[in-house]
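**Student:** Just so we're aligned, residue 4 is where the sequence shown starts under our numbering, counting upward by one. So that we are looking at the same thing, I have put the structure below in structure tokens.
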Amino acid sequence: DVLGSPSEAQLEQIRSEKARHYLRAMPQKSKKPLISFFPTNTGVEMDFLQAMLEYDPQKRPSAHDLLHHPYFDGLDPHDEEYGTAPTLTKAQFDFEDLTDEAQLRELMYLEILNYHHAPSPDVSSLDRL
Numbered sequence: 004d005v006l007g008s009p010s011e012a013q014l015e016q017i018r019s020e021k022a023r024h025y026l027r028a029m030p031q032k033s034k035k036p037l038i039s040f041f042p043t044n045t046g047v048e049m050d051f052l053q054a055m056l057e058y059d060p061q062k063r064p065s066a067h068d069l070l071h072h073p074y075f076d077g078l079d080p081h082d083e084e085y086g087t088a089p090t091l092t093k094a095q096f097d098f099e100d101l102t103d104e105a106q107l108r109e110l111m112y113l114e115i116l117n118y119h120h121a122p123s124p125d126v127s128s129l130d131r132l
């Protein structure tokens, strides 16, 4: 509802034929002003959000451009949480080499537990899935 239906030119930029077919099958909708969804936010917040809500990726600002948007004025770029990407090691991607389904299931389960804490996980029960 926010973006409305994409134009034919925007649809042609979508690589996936299935996605284009799906979007063409959807009812046509007009773009709605963001202020109707967020009536208490105006100005900088709305400009920031509007910049990101663009079908055409060539018209969307880059992450770098967005970090320099006035919305982020007042943040200290030297702050350790601002713009600092975590250091990734090869070991963090070892799962990509796994071919054993049971090991993949266990890793997925353990990853989920990082976000949804459950009492005493029993990963041996994953073989039954």
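Glycine included, each C-beta is placed from N, C-alpha and C at the ideal position.
Would LEU116 pass as a contact of LEU107 if the rule is Cβ separation under 7 Å?
**Tutor:** The count along the sequence shown starts at 1 and reaches residue 116 at position 113. The count along the sequence shown starts at 1 and reaches residue 107 at position 104. Contact: no.
**Student:** Are the CB atoms of LEU6 and LEU56 within a distance shorter than 7 Å?
**Tutor:** Locating residue 56 in the sequence shown gives position 53, counting from the first residue. Locating residue 6 in the sequence shown gives position 3, counting from the first residue. The answer is yes: Cβ separation under 7 Å.
**Student:** Do you know whose CA, among ARG63, LEU69, SER10, lies nearest LYS32's CA?
**Tutor:** Here residue 32 refers to the residue found at position 29 of the sequence shown. When only C-alpha atoms are compared, the closest one is SER10.
**Student:** Which ranges would you report for the beta strand (DSSP E) in the segment 27-58 if only whole runs of at least 3 residues count?
**Tutor:** Counting only runs of 3 or more, we get nothing.
**Student:** With a cut-off of 8 Å on the beta carbons, I'd call HIS72 and PHE51 a contact; round off their distance for me.
**Tutor:** Indexing the sequence shown from 1 puts residue 72 at position 69. Indexing the sequence shown from 1 puts residue 51 at position 48. Confirmed, about 5 Å.
**Student:** Classify ARG18 as helix, strand or coil using the three-state DSSP reduction.
**Tutor:** By one-based count along the sequence shown, residue 18 stands at place 15. DSSP places ARG18 in coil when its eight states are reduced to three.
**Student:** I'd like the span of the alpha helix (DSSP H) that includes HIS67, first residue to last.
**Tutor:** If you number the sequence shown from 1, residue 67 lands on position 64. That run of the alpha helix (DSSP H) goes 66-70.
**Student:** Can you tell me the Cα-Cα spacing of ARG63 and ALA54, whole angstroms?
**Tutor:** Here residue 63 refers to the residue found at position 60 when the sequence shown is read from its first residue. Here residue 54 refers to the residue found at position 51 when the sequence shown is read from its first residue. When rounded, the distance between both Cα atoms is 6 Å.
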